[in-house]
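Take a look at the structure below.
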Amino acid sequence: MWRNEKYETVPLDVKEIDEGNSKGTRDSLYPQTAVNERPKDAKLWPYFQDGLRRIDYVLTYHVQKPQSTHKQSSKSCLCCGFRREQKNLPAHEDPELAAQEQRLDYHEDDQRLRREEFEENLREMGLEMEKEEGTKLPGVGFLKIHAPWDVLCREAEFMKLKMPTIKVYCLINQGSSIAEKVNVFIQKVTAPLQPNVGENQTENEKPLSYPFSREKQHLMYVILVLSLQILYEQWASYSIFYKYQPIGLVRKYFGEKVGLYFAWLGVYTQMLIPAAIVGVIVFLYGCATVDDNIPSMEVCDERNNITMCPMCDRACSYWKLVTACGTARASHLFDNAATVFFAIFMALWATMFMEHWKRRQMRLNYIWDLTSFEDAESHPRAEYEFHVMKKSLKKEQSPKVVSVAKLFDYKSIFLFCSFVCSMQIFVTLAIVFGVVLYRVSIMTALHMSSTPTFRTNIRATVKTTAAIINLIIIIIMDEVYGAIARWLTIMEVPKTDKSFEERLIFKTFILKFANAFTPIVYLAFFRGRIIGRPGKYLYVMGSYRMEECAHAGCLMELCIQLCITMLGKQLIQNNLFEIGVPKLKKMLRQRKIDKKHQEELNKTLHRHEKDHFLGPFVGLNPEYMEMIIQFGMVTLFVASFPLAPLFALLNNVIEIRLDAKKFVTELRRPIAVRAKDIGVWYTLLRGISKVAVIVNAFVISFTSDFIPRLVYQHMYSADGTLHGFVNHTLSYFNVSHFQPGTEPMQPMHLGYKLTSLAQRSL
1 MWRNEKYETV
11 PLDVKEIDEG
21 NSKGTRDSLY
31 PQTAVNERPK
41 DAKLWPYFQD
51 GLRRIDYVLT
61 YHVQKPQSTH
71 KQSSKSCLCC
81 GFRREQKNLP
91 AHEDPELAAQ
101 EQRLDYHEDD
111 QRLRREEFEE
121 NLREMGLEME
131 KEEGTKLPGV
141 GFLKIHAPWD
151 VLCREAEFMK
161 LKMPTIKVYC
171 LINQGSSIAE
181 KVNVFIQKVT
191 APLQPNVGEN
201 QTENEKPLSY
211 PFSREKQHLM
221 YVILVLSLQI
231 LYEQWASYSI
241 FYKYQPIGLV
251 RKYFGEKVGL
261 YFAWLGVYTQ
271 MLIPAAIVGV
281 IVFLYGCATV
291 DDNIPSMEVC
301 DERNNITMCP
311 MCDRACSYWK
321 LVTACGTARA
331 SHLFDNAATV
341 FFAIFMALWA
351 TMFMEHWKRR
361 QMRLNYIWDL
371 TSFEDAESHP
381 RAEYEFHVMK
391 KSLKKEQSPK
401 VVSVAKLFDY
411 KSIFLFCSFV
421 CSMQIFVTLA
431 IVFGVVLYRV
441 SIMTALHMSS
451 TPTFRTNIRA
461 TVKTTAAIIN
471 LIIIIIMDEV
481 YGAIARWLTI
491 MEVPKTDKSF
501 EERLIFKTFI
511 LKFANAFTPI
521 VYLAFFRGRI
531 IGRPGKYLYV
541 MGSYRMEECA
551 HAGCLMELCI
561 QLCITMLGKQ
571 LIQNNLFEIG
581 VPKLKKMLRQ
591 RKIDKKHQEE
601 LNKTLHRHEK
611 DHFLGPFVGL
621 NPEYMEMIIQ
631 FGMVTLFVAS
641 FPLAPLFALL
651 NNVIEIRLDA
661 KKFVTELRRP
671 IAVRAKDIGV
681 WYTLLRGISK
691 VAVIVNAFVI
701 SFTSDFIPRL
711 VYQHMYSADG
721 TLHGFVNHTL
731 SYFNVSHFQP
741 GTEPMQPMHL
751 GYKLTSLAQR
761 SL
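Numbering of the sequence shown is given in UniProt numbering, commencing with residue 1 and proceeding in unit increments.
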């Protein structure tokens, strides 16, 4: 059977969920009814018009012209039909409109002939079909397909499809009586957390499976009858968020590829529990020791009377170090001795998570009979075949030119894609630079303001608004970069679907990862590294001085940026968009039909006709991508934000049920695809977990004050404590050394004349 891209699949429902929630449930049921036996539920279940043959699959296509215009013979000559229509044109008709209509008719006839050829191939395979064109939904045609039992048996035997035998189990040895007792205890403890999906087979038991044989059907189970009602109640419900997922049932209904995604998401969420607990403990330790932190106490002590250099030239005036008391105390919550321990813990956690998932994946491969499964050679994509066909036509015309053009096209496309990706990364850097200019300019404007309200909490205002602007830009550019990555991948014309998916993932990951983490990398490693003395310009930035960190360092600003970015992406992009956008699209589709007419249609529409209004399944790449970016947020800069695992855990608990509800009620049922692993996503996860060790080490070394405090305590302190550490980090500046035109406009802002100032030294 060869594929045809002129159809869209509309999966079927097994059983409608409760009337108020029937938004799209679908399945194909076996075993079928006996031959010539009319089922009692023929009006409720998806059947052909004869009420005997059950609908197993539905293809939908667009009908451009009324059905009466399609009664021509499928073997008629397209060119002759085109000329015949051209001769019969009315004299008063516009030639351009007529030519446009003829082109549309030609394209439509070509699609119709391709569909008829495809249908003929299906009949040769033994499948039975029934058509519906524009009966209830104008402009939409349905091709209902029924697979007879003998055809299914023939194909299952040809594919050597493994089937479980009847009530025969293979016990897995626990290795020792102690391990067996521990396993029994764990099963008893977790019993209330198991989903109520009927007979819960333990993972220590596995039915024996053998390749399907028509001669030994009595020894095997027939294909299981699944009801989506169970998944809706025991999986796609927020009220059972604390229970395990019915992964086995998900796999049987949606296929191994979808089942592995939700299994991986479940393992990732479980592993976030210990990380979240340790992160909360680290945060509480910071809260408990903030009053005993000597550096923050020195900053908050008004008796020190330390006057700091202006934050900007001319507009900004002198300021007291004591005004940074709140920032210094807040920085200790995330920058303390426990932070180093937490960074080491998260490095080990990432490794343990990868190994735990590898073990879990191998166990699922054994349970799902995927140990001997190998990816078969994928069929060429329709776009690739069309591209090859055009190349072959050119080769017949000029064979020498095509051989050179083929190499040239490949290199030119590769270079063009690399250039576009590089330009997008450059755009990301330019955006970060723009936000830097915003922070510098808005801080200067607030200092120059005559309104006292604007002059208070300037640093907090600038930090928060800049982080929100970064978040908005990240969300917008994520959508732009996703569209650009898909456009570039389509231009490359990969041969197979697997190659297309891998190239798309690679481009999307690079662009979105750079988009999300470039502002964070700037705050962590570049901001405040080139400060310069007061009045000294940084000519790279024209007449602007490089922005500086607060006295407590850039770690607090890094924490704010990471917190707002992570929470904003999870709440707005991941959850709100996933809920709101599908509902909005559904409302727009339904607005095309009158409400009264729509209510009448809902009473008469069949299951496959209702499923036509569901959203199409676009793949698992968006789901994986948002989790990979979150994994990067949790591991890469966790030393600056110990609460990141907690927020990720809370998000994922909702994400699992949200995705489940979307798969069950909002999307058409995807075609089941076998897979034994999560593919290239595992490689990306391993890469991030390894880079996380280096990044957290750099954060502790360069962004945090842990190393400077440690050096001062053991090398410079007279009593081995941190007393005098704040004064040790400051350098002094004589106000007479201001360059002309850079001194503050209000030198008497504090009420007295100054001769020397303090500035944080590098």
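For each residue, glycine too, the CB sits at the ideal point set by N, CA and C.
Which residues does DSSP pair with residue 667 in a beta bridge?
615
Can you give me the Cβ contacts of residue 365 inside the same chain, cut-off strictly under 6 angstroms, excluding the 5 residues immediately before and after it?
371, 676
How would you label residue 744, buried or exposed, when you count the other beta carbons within 10 angstroms and need 16 or more for buried?
With 16 or more other Cβ atoms inside 10 Å of its own Cβ, residue 744 counts as buried.
Let me make sure I understand the geometry here. Which of 614, 339, 232 has the alpha-carbon closest to that of residue 283?
339
Just reading off the beta strand (DSSP E) that residue 770 is part of, what are its end residues?
Since the first residue shown for the chain is 1 and the last is 762, residue 770 is missing from the structure and cannot be characterised.
Which residues DSSP lists as bridging residue 148, in chain order
Residue 148 is not bridged to any residue.
Whole runs of the beta strand (DSSP E) within the segment 315-355, excluding any shorter than 3 residues:
Unbroken beta strand (DSSP E) runs of no fewer than 3 residues, entirely contained in the segment 315-355, are not found.
Whole-Å CB distance - residue 333 paired with residue 286, under 8 angstroms assumed:
4 angstroms
Which of helix, strand or coil does DSSP assign to residue 422?
helix
For the segment 345-365 against the segment 460-470, do three or more pairs of beta-carbon atoms, one drawn from each stretch, fall closer than 8 angstroms, so that the two count as touching?
no
Start-to-end residues for the alpha helix (DSSP H) that takes in residue 470
458-492
Can you grab the Cα-Cα spacing for the pair residue 139 / residue 112, in whole Å?
14 angstroms
Tell me the residue span of the alpha helix (DSSP H) that contains residue 507.
497-525
Burial state of residue 291 (16 or more Cβ within 10 Å):
exposed
C-beta contact flag for residue 343 and residue 649 at 8 angstroms:
Not in contact: residue 343 and residue 649 (Cβ atoms no closer than 8 angstroms).
Should residue 28 be labelled buried (16 or more other beta-carbon atoms within 10 Å of its own) or exposed?
With a pLDDT of 37 at residue 28, under the threshold of 50, the modelled position of that residue is not reliable, and the figure given next carries that caveat. Buried, by the Cβ-count rule.
Just the C-alpha distance for residue 621 and residue 254, rounded to the nearest angstrom, thanks.
Distance between the alpha carbons of residue 621 and residue 254: 16 angstroms.
By DSSP, does residue 637 sit in helix, in strand, or in coil?
coil
Could you tell me which of 644, 579, 629 sits nearest to residue 654, measuring between CA atoms?
579
Where residue 290 sits in the DSSP three-state scheme:
helix
Segment limits, alpha helix (DSSP H) that includes residue 555:
555-568
In the DSSP output, what is residue 696 paired with across the bridge?
The partner list for residue 696 (beta bridge, DSSP) is empty, contrary to what the question assumes.
Shorter than 8 angstroms from the beta carbon of residue 55 to some beta carbon of chain B?
Looking for chain B here will not work: only one protein chain is present.
What did DSSP end up calling residue 271 once you bin it into helix, strand or coil?
helix
Measuring straight from C-alpha to C-alpha, what distance separates residue 42 and residue 122?
For residue 42, the predicted model reports a pLDDT of 49, less than 50, meaning its position is unreliable; a value from the coordinates is still stated below. Distance between the alpha carbons of residue 42 and residue 122 is about 25 angstroms.
Given residue 581, which residues of its chain have a CB within under 8 angstroms of its CB, disregarding the five upstream and five downstream residues?
none
Report yes or no: do three or more beta-carbon pairs, one from the segment 457-466 and one from the segment 634-653, lie closer than 8 angstroms?
No: fewer than three Cβ pairs fall under 8 angstroms.
Limits of the unbroken alpha helix (DSSP H) element including residue 732
Segment 730-734 is the beta strand (DSSP E) holding residue 732; no alpha helix (DSSP H) there.
Buried versus exposed call for residue 49 [16 or more other C-beta atoms within 10 Å across all chains shown]
exposed
Pull the bridge partners of residue 47 from the DSSP assignment, please.
54
Check the DSSP bridge columns for residue 210 and list the partner residues they point to.
163
Pull up the distance between the alpha-carbon of residue 611 and that of residue 651, whole angstroms please.
29 angstroms
Please classify residue 483 as buried or exposed, where buried requires at least 16 neighbouring CB atoms within 10 angstroms.
By the neighbour-count rule (16 or more Cβ atoms within 10 Å), residue 483 is not buried but exposed.
Assign residue 368 to one of two classes, buried (16 or more other C-beta atoms within 10 Å of its C-beta) or exposed (fewer than that).
buried
Please return the same chain residues whose Cβ sits closer than 6 angstroms to the Cβ of residue 314, not counting the five positions on each side in sequence.
745
Report whether the distance from the Cβ of residue 719 to the nearest heavy atom of the ligand MG is below 7 angstroms.
Of the ligands one can find in the structure shown there are none, so the ligand MG has no counterpart to examine.
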